[in-house]
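Numbering (the numbering used here), first residue to last: 23 to 84. No residue lacks a Cβ here, since even glycine has one placed at the ideal position from N, Cα and C. One structure below.
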Amino acid sequence: MGAALKRKVASVRTCVGCRGRAPVSELLRVVAVTDETAPADGRARLVPDPARRLPGRGAHLH
């Protein structure tokens, strides 16, 4: 038996806009944040996260 080849599989995510599936490299991650710049009613704002480094649960868009 030969050595098994390890192949890196690209992560696949679902776009929250169209529900289509695509590799994570083709989607933009957005994160909902609340901070001192948030409206007084406590609503969050969406922030793009192209580096995929912001904390919290993100959503992906085409």
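Worksheet item: Nearest to Leu76 by alpha carbon, out of Cys40, Thr56, Ala32?
Response: Within the sequence shown, numbered from 1, the residue matching residue 76 stands at position 54. Closest by alpha carbon: Thr56.
Worksheet item: Going by C-alpha distance, which of Val34, Lys28, Gly64, Lys30 is nearest Leu50?
Response: Your numbering for residue 50 matches position 28 in the sequence shown. For the residues Val34, Lys28, Gly64, Lys30, the minimum Cα distance to Leu50 belongs to Val34.
Worksheet item: Whose C-beta lies closer than 8 Å to the C-beta of Gly80 among residues of the same chain, with five residues either side of it excluded?
Response: For the purposes of this step, residue 80 is taken as the residue at position 58 of the sequence shown. These residues qualify, in order along the chain: Arg51, Val52, Val53, Asp71, Arg74.
Worksheet entry | 8 Å contact criterion, which Val38 and Leu83 should meet: CB distance rounded | Indexing the sequence shown from 1 puts residue 38 at position 16. Indexing the sequence shown from 1 puts residue 83 at position 61. Right, their Cβ atoms sit about 6 Å apart.
Worksheet item: For the beta strand (DSSP E) that Val38 lies in, which residues bound it at each end?
Response: Indexing the sequence shown from 1 puts residue 38 at position 16. Segment: none, Val38 is in no beta strand (DSSP E) and carries neither H nor E.
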